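Asker:
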Amino acid sequence: MRNTSWKSQLTSSLFVIPYLLLFVVFLLIPIGYGAWISLHNWDLLNPVHEFVGFKNYTKIFDSNSYLNELFFEGLKNTFQFVVYSVPLLVVVGLGLALLVNALPGKFKGFFRTVYFIPYSVSVSVVAIIWLWILDTNSGLINQYLQKMNLPLIPWLTDMPWAWISLAIATLWWTIGFNMVIFINALNDVSEELYEAGSLDGANRWQRFVHITLPSIKPTMLFVVITSTIASFNIYGQPYLMTRGGPGTSTKVLLMNIVDEAFKQRQLGNAAAMSLLMALIMIVISILQFRITNRKE
Amino acid sequence: MVKKKKWLGIALTAALALGSLAGCSSAKDKDNSEGGKGEKITYWAPFSGADGPRMKTIVENYNKSQSKYQVDFQIVPQSDYYKTVDLAFSGQKNAPDVLIMHTDQLKNYADKNLLKDLTDTVEKAGVKAEDYAETAWKAGDIGGKHYTIPLDIHPLVMYYNKDLFKAAGLDPEKAPTNREEFLAAAKKLTDSSKNQYGFVVPTLWPNQFIFPTLLFQNGGELMKDGKPNYNSPEAVEALTFYRDLIQKEKVSPENVQQDGEVTLFLQGKNAMHLNGPWMMEQWDKAGINYGVAPVPQLGTKQQAVYANGHNFVIPATVTDSKKLDGITDFLKYVAGNTMEWAKSGQAPASKAIFEQSEEFKSMKQQPIVASEFDYAKFAPVVANWGQLSDPLWAEINLALLGKKDPQKALDDANKKAEQVMNK
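Chains as they are written, first to last, in this note's numbering: chain B, 17 to 312; chain G, -17 to 405.
The following block contains the structure:
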């Protein structure tokens, strides 16, 4: 008896090992190395990396340093994107899931695939497609607006349009993922609950609010957190579509970090900025988790 | 028996996982082992576009032409190029023996003593300054040392749509040469009812080339006494003129997005366009009836044009004399055989080509590019020009989008650049 439990423990640990190895090699070690770099004055072209303790971090909070503006301007812009995109990603994802689920069986698989396809495309393709659609002077949408004698919209060169365009492109690109997760959750909601609900005279909306939403709450939390993290990590869309413009209004934090690392070659500063960014994301995720769990 | 199978499965899973890890580390194995004849010279370049195959041909021809040296040509994608170069210089990767470096990057590496002073090497090999365009050669002089052997200069040039010129009653063989002619032509070529414009003003790239050109033509400088000088009267005049093309003269639409002016040029709705010589192959592919001309003198003082250049440099760590002999032998060969390079639209900085080759002179675009060599100017020789100039492009963007007055935009850009400098 004891022998088996020892063996089963070993078996289960062996199943974990592949993931553990990948986790250590591709996440834990780089993060540790990044933390180490962040404590140094690490110029990429300088062979000597002087240890400076937490100076790179204090510089970020020193309003006289250019790092201060670089970090907080970028953070402000990233935050704006998170605030605009996450509600859309969650609500539209759920909406699409409900819509696709309500379709007759034959079409279900078809539309699920259709909505999921953009997710498998790379960000550069997404950016090019939307650049063509949104072009102020020769894009698809503005051509139609012009035909209808409506004013042209500066999709990528004016605020708030630039954020709207970036949110739309992101939505189109990634919504399939959230949708598929929601579809799975919806399928797990027991039919009996709906039957009981309709017998008690609940209408569609009431069934949705009182049966569907509570049942898929764990999934909802998962989607909210993963969408927030994904939106926080936004880089490719503004880099390729607006180049951070107009001015620096859509220059997000990751763009600034990459510039600091590879344009300015200051890996120490860049590592400190990214660790700080990671910390902020962790705090936000924990807050989201706490808030959702408290309501119970 | 059953148990054994289970263990086998686990072992296989583990082996697979380990195998995939090992695969990552060995994926970098080189496959360019074309026989081991001669001293091997590793050569890096960022030519991941249409220019890559051209350079490859040159290298292959060189390898065939002699048997003492074997040049191993490796292309690193443009977007990753300087990251990879930096890692090589910091000793984390095998460094190349010779590599391409842009003119505006030289100072960064020269300051850190990472590049080889070529003064002696060049003399010994019989490579002479007089064999190259003076502008290109001089850019390699930094702090009393000489670091480069130039490959090309790529200045801003003007492209124009000949069909639109004809339709507007202009001579398609005569591009405008100064501000007055340019404005007059641009107005004639503009028909906003047809969504057609004389000169679509980009709001982002390639203003990194266009704005310095206008500023230099006004007699201004980007840096003065080692400090940013973005808000000089010359700069304000240049930006005001540039912005007026949109707001006052209305020869350009508003709110042009990233690459919007290129799209309109490709669609035949943008009559004149300023960009680099690398755009040629794209126009050819699209089948536009285009002409090439030197950038008109749009500024008030002098003819000038902003340029960047490709140069060969050698890392300071390369000291083996046999290798150095091989590198200089190769570079001497390149200087005489860059016709192939010219085919990508570029003008080689070697006089053997741009001054003496009849084939070169009969080309459409390349001799015009070379005609700008004499007055071409490069980025200020300052470390981290990339980051120092970032605020300038962002503020010019705001001014061109009509969100800021030119004076205010340039004042702000200057303030931010100073802040970056005094970090």
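Virtual Cβ for every residue (Gly too), placed ideally from N, Cα, C. Since the structure is predicted, the reported quantities are computational estimates derived from the model, not experimental observations.
Which same chain residues, not among the five before or five after E16/G, have their C-beta less than 6 angstroms away from its C-beta?
Answerer: The predicted model places E16/G with a pLDDT of 46, which falls under 50 and marks its position as unreliable; any figure quoted below should be read in that light. So no residue of the chain qualifies.
Asker: Rounded C-beta distance between N257/G and P158/G? I'm assuming under 8 angstroms.
Answerer: Not confirmed; about 16 angstroms, so no contact.
Asker: Is K127/G close to chain A? Criterion is C-beta to C-beta, closer than 8 angstroms.
Answerer: Checking the listed chains, one finds no chain A in this structure; the protein chains it contains are B and G.
Asker: Are the C-beta atoms of N62/B and some chain G residue less than 8 angstroms apart?
Answerer: Cβ-Cβ to chain G under 8 angstroms: yes for N62/B.
Asker: In chain order, what residues of the same chain have a beta carbon less than 6 angstroms from the beta carbon of A358/G, not counting five sequence neighbours either side?
Answerer: Taken in chain order, the residues that qualify are T117, I135, P137, V287, A289.
Asker: Which full runs of the alpha helix (DSSP H) of 4+ residues lie inside the region 113 to 137 of chain G, going along the chain?
Answerer: Segments of the alpha helix (DSSP H) lying fully in the region 113 to 137 of chain G: 116 to 120.
Asker: Excluding the five sequence neighbours on either side, which residues of its own chain have a C-beta within less than 8 angstroms of the C-beta of G108/G, listed in chain order?
Answerer: For G108/G, where only same-chain residues beyond five positions count, the Cβ hits under 8 angstroms are K314.
Asker: Would you report the Cα separation of V139/B and W177/B, rounded to the nearest angstrom?
Answerer: Taking the straight line from one Cα to the other gives about 20 angstroms.
Asker: Expressed to the nearest angstrom, what Euclidean distance is found between the alpha-carbon atoms of L182/B and W148/B?
Answerer: In a straight line, the C-alpha of L182/B is about 13 angstroms away from that of W148/B.
Asker: Inspect the beta-carbon positions of W58/B and L283/B and report whether they are closer than 8 angstroms.
Answerer: Contact flag set, yes.
Asker: With 9 angstroms as the limit, tell me which residues of the region 65 to 82 of chain B have their beta carbon closer than that to any beta carbon of chain G; keep them in chain order.
Answerer: Hits within the stretch, in order: K75, N80, S81, Y82.
Asker: For V191/G, collect the residues of the same chain with a Cβ closer than 6 angstroms to its Cβ; drop the 5 residues on either side in sequence, then sort them by chain order.
Answerer: The sequence given here places Phe at residue 191/G; Val does not occur at that position. Closer than 6 angstroms at Cβ, skipping near neighbours: L138, Y288.
Asker: Rank T39/G, S371/G, D372/G, G151/G by C-alpha distance to the C-alpha of V316/G and give the top, closest one.
Answerer: Checked all of T39/G, S371/G, D372/G, G151/G; the closest Cα to V316/G is T39/G.
Asker: If you run the structure through DSSP and keep just helix, strand and coil, what is E21/G?
Answerer: Residue state, collapsed to three classes: strand.
Asker: Identify which residue in S72/G, I82/G, N160/G, D394/G has its Cα closest to the Cα of V295/G.
Answerer: Here the closest residue by C-alpha is I82/G.
Asker: Give the interface partners of K65/G over in chain B, defined as CB-CB distance under 8 angstroms, in chain order.
Answerer: What K65/G touches in chain B: F278.
Asker: Enumerate in chain order the residues of its own chain whose CB-to-CB distance from I298/B is below 6 angstroms, with the five nearest sequence positions on each side excluded.
Answerer: So no residue of the chain qualifies.
Asker: I want to verify the contact list: residues of chain B whose CB lies under 9 angstroms from the CB of N366/G, in sequence order.
Answerer: In chain order: K279, Q280, R281.
Asker: Taking 7 angstroms as the cut-off, is the CB of A288/B close to at least one heavy atom of the ligand ADP?
Answerer: No copy of the ligand ADP occurs in the structure displayed, which carries no ligand at all.
Asker: From this set, I199/B, K92/B, S247/B, which residue's C-alpha is nearest L110/B's C-alpha?
Answerer: It is I199/B whose Cα lies nearest to the Cα of L110/B.
Asker: Give me the DSSP bridge partner(s) of Q56/G.
Answerer: In DSSP, Q56/G forms a bridge with W26/G.
Asker: Residues of chain B with a CB under 7 angstroms from the CB of D416/G: which are they?
Answerer: Nothing can be reported for residue 416/G: it is not among the residues displayed for chain G, which extend from -17 to 405.
Asker: Here's a check: name, in chain order, each residue in its chain whose Cβ is nearer than 6 angstroms to the Cβ of K170/G, leaving out the five neighbours to either side.
Answerer: So the list reads A150, once near-sequence residues are dropped.
Asker: What residues are listed by DSSP as bridge partners for P406/G?
Answerer: What is shown of chain G runs -17 to 405, which leaves residue 406/G out entirely.
Asker: By DSSP, does A168/G sit in helix, in strand, or in coil?
Answerer: Of the three classes helix, strand and coil, the one that applies to A168/G here is helix, per DSSP.
Asker: So with CB distances below 9 angstroms, who are the chain B contacts of Y91/G?
Answerer: Neighbours of Y91/G on chain B, chain order: L61.
Asker: Over the uninterrupted alpha helix (DSSP H) stretch that includes F479/G, give me the two end residues.
Answerer: Only positions -17 to 405 of chain G appear in the structure, and residue 479/G is not among them; the question remains open.
Asker: Leaving out five residues on either side along the sequence, give the residues of the same chain with a beta carbon under 6 angstroms from the beta carbon of A(-7)/G.
Answerer: Note that A(-7)/G has pLDDT 48, beneath the 50 cutoff, so the model's placement of it is unreliable and the number below is only indicative. So the list is empty, once near-sequence residues are dropped.
Asker: Taking 8 angstroms as the cut-off, does the region 370 to 388 of chain G touch the region 261 to 277 of chain B (at least 3 CB pairs, one atom from each stretch)?
Answerer: The region 261 to 277 of chain B is in contact with the region 370 to 388 of chain G.
Asker: Excluding the 5 residues flanking T152/B on each side, which residues of the same chain have their C-beta closer than 8 angstroms to its C-beta?
Answerer: For T152/B, where only same-chain residues beyond five positions count, the Cβ hits under 8 angstroms are N158, L168, I169, P170, W171, L172, T173.
Asker: Just verifying my parser: in three-state terms, what is the DSSP assignment at E400/G?
Answerer: E400/G: helix per DSSP, three-state reduction.
Asker: Which first and last residues belong to the beta strand (DSSP E) in which M257/B is found?
Answerer: Where M257/B is concerned, there is no enclosing beta strand (DSSP E), although the alpha helix (DSSP H) it sits in stretches over 252 to 257.
Asker: Tell me which residues share the same chain as I131/G and place their Cβ nearer than 6 angstroms to its Cβ, disregarding the 5 neighbours each side in the sequence.
Answerer: The answer, listed in chain order, is F294, L313.
Asker: Could you check if E341/G is buried or exposed, using at least 16 other CB atoms within 10 Å of its CB as the buried criterion?
Answerer: When all chains shown are included, E341/G counts as exposed.
Asker: Any contact of the region 316 to 333 of chain G with the region 258 to 274 of chain G, i.e. 3+ C-beta pairs under 8 angstroms?
Answerer: Output reads yes: the region 258 to 274 of chain G touches the region 316 to 333 of chain G.
Asker: Check the Cβ of L186/G against every Cβ in chain B and list those closer than 7 angstroms, keeping chain order.
Answerer: Residues of chain B passing the Cβ test: R259, G261.
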